[in-house]
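Some notes on the structure that comes next.
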Amino acid sequence: MYDNAYQIITLHIQTLNLRNFRNYENLELSNISSSRVVLIGDNAQGKSNLLESISFLAFGASYRATKENEVIGWNGNEAGIYSELATNTSTKQLSLILRKNAVKTIKVDGVNVKRMAKFIGNVKIVLFSSEDLQLIKGAPSERRTFADKLLVQVYSNYYHQLQVYNKILQQRNHALKNIRETGNKQDLSIWDEQIVDVSVDIYESRYNLIKLLSSLVTIYHQQIANPDEKVELKYISSIPDIDFENFDRDQIKNNIISHLAKNSYKEIARGQSLYGPHRDDISFFINGREAKSYASQGQQRTLVLSLKLSEIKYIKELTGEVPLLLLDDVMAELDHTRQKHLLELVGLDTQTFITTTHLEDFSETWLKTSSVLKVSGGKILDYA
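FYI, my numbering numbers position 351 of the sequence shown as 351, with every residue one higher than the one before it.
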């Protein structure tokens with residue numbers, strides 16, 4: 001946990017330049033002085049594309065595109081993202097060159113970064129998009145991705161742990177398919193031994209995250225909705241009988257090894273790994289009832305809103321840094337009360353970028369502290 005006795009570090013994007021990125025042929029957005037930036041425009045003009053470019057500064061990847069080539073515009077074989085950011089103690093320059101069918105180039109202050117683990121964390125973000133409103137009822141993979149994206153921004157070694165796990169998982173799946181064809185189980189034990197250690201590392205990080213988020217989400221949920229509603233988040237392992245509360249690494253390792261041994265015949269029959277962090281889930285409960293099954297649509301939206309506010313608090317508490325907040329097309333999905341809570345609970349120390357098609361959702365007071373920019377056809381115009 002970050003020591004609050006030290007100065008909190010705020011982060012602001014000062015400039016953002018895009019070259020051949022989506023529908024932005026040549027964008028130069030400079031002197032971004034405001035903590036609140038409202039991007040207004042009709043649909044399909046490039047508002048979300050701009051937020052997507054900021055996500056590249058955080059993760060080196062898109063939150064929208066399945067293939068990186070999708071973000072490269074029609075006017076060439078590469079796209080560029082360049083930004084200068086300032087904290088209350090320093091400045092930094094980030095750049096990414098994305099190439100069709102080639103490795104991207106990433107630089108921090110002009111120096112090449114070859115390992116993504118060294119890049120992630122330079123810019124911390126919390127993204128709230130309309131798709132996030134399905135987080136409670138969506139697929140387990142969406143909730144795992146949510147947790148992992150939060151953790152890699154806070155713990156530099158977590159990205160490496162995920163990489164190691166996925167490589168071992170790939171080899172283990174290959175071994176399971178070979179056993180199905182040859183009957184030779186010798187290789188499986190090798191991969192079992194390797195996957196257990198990194199599985200426990202991931203379990204520990206995810207469980208601690210969910211435990212802390214559970215208390216934070218309850219606080220925000222009670223402020224926004226009902227003070228009598230208690231929210232609880234639970235980490236649901238695909239391997240039963242793991243005691244996360246009394247976290248004992250050796251005991252958990254034994255549980256994993258035992259479960260894999262007992263169920264190896266199922267995995268061999270399927271030719272894939274059926275148990276482990278890649279199959280786990282996160283469940284949300286309101287007053288002991290699972291939100292996925294029992295919560296109303298309004299309650300689910302309040303939960304997700306509370307979760308996003310908790311992400312900001314989590315990053316701030318664990319790192320001492322205030323993340324950027326990207327609100328992509330969510331205002332139209334929230335009712336007036338939830339809109340009001342969202343805008344009021346985000347402080348001026350959090351630089352916020354919001355996309356919208358109209359300004360009626362924002363109070364006059366809020367807009368006075370904002371920069372309002374009109375987005376039209378891949379160009380940014382002053383809003384009159």
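For each residue, glycine too, the CB sits at the ideal point set by N, CA and C. Source: prediction; values computed, not measured.
Per the DSSP calculation, residue i is bridged to which residue(s)?
i, result
"D328", "S129"
"F353", "V37 and L326"
"V372", "V38"
"N26", "R19"
Would you mind working out which of the options sits nearest residue i, comparing C-alpha positions?
i, options, result
"T355", "L11, E52 and E25", "E52"
"S33", "L345, H358 and T350", "T350"
"G183", "S264, A139 and R206", "S264"
"L169", "K107, D197 and P227", "D197"
"F353", "T369, H259 and G320", "T369"
"N20", "E78, S55 and A65", "E78"
Quick one: using the 10 Å Cβ neighbour count with 16 as the cut-off for buried, is residue i buried or exposed?
i, result
"K47", "buried"
"A269", "exposed"
"H336", "exposed"
"A384", "Confidence at A384 is low in this model, with a pLDDT of 49, below 50, so its placement is unreliable and the value that follows should be read with caution. Looking at its Cβ environment, which holds fewer than 16 other Cβ atoms inside 10 Å, A384 is exposed."
"L85", "buried"
"I179", "buried"
"S83", "buried"
"Q161", "buried"
"E267", "buried"
"Q299", "buried"
State the DSSP-derived secondary structure class of residue i, mapped to helix, strand or coil.
i, result
"I8", "coil"
"I236", "strand"
"A384", "In this predicted model, A384 has a pLDDT of only 49, less than 50, meaning its place in the structure is not dependable; the value taken from the coordinates is given anyway. The answer is coil: DSSP assigns A384 none of H, G, I, E or B."
"L359", "coil"
"N263", "coil"
"S90", "coil"
"S14", "Note that residue 14 corresponds to Gln in the displayed sequence, not to Ser. Correct three-state label for Q14: strand."
"F21", "strand"
"V304", "helix"
"W366", "helix"
"E317", "helix"
"F56", "helix"
"K177", "helix"
"N184", "coil"
So residue i and residue j are in contact, right, with Cβ under 8 Å, and what is the actual spacing, rounded?
i, j, result
"I210", "I282", "6 Å"
"S310", "L216", "4 Å"
"V126", "L318", "Incorrect: roughly 13 Å between the Cβ atoms, too far for contact."
"T87", "T10", "6 Å"
"S409", "R279", "The requested residue 409 is not part of the displayed model; the chain covers only 1 to 384."
Is there at least one Cβ from chain D nearer than 7 Å to residue i's Cβ?
i, result
"H12", "Absent here is chain D; the protein component of the structure consists of one chain."
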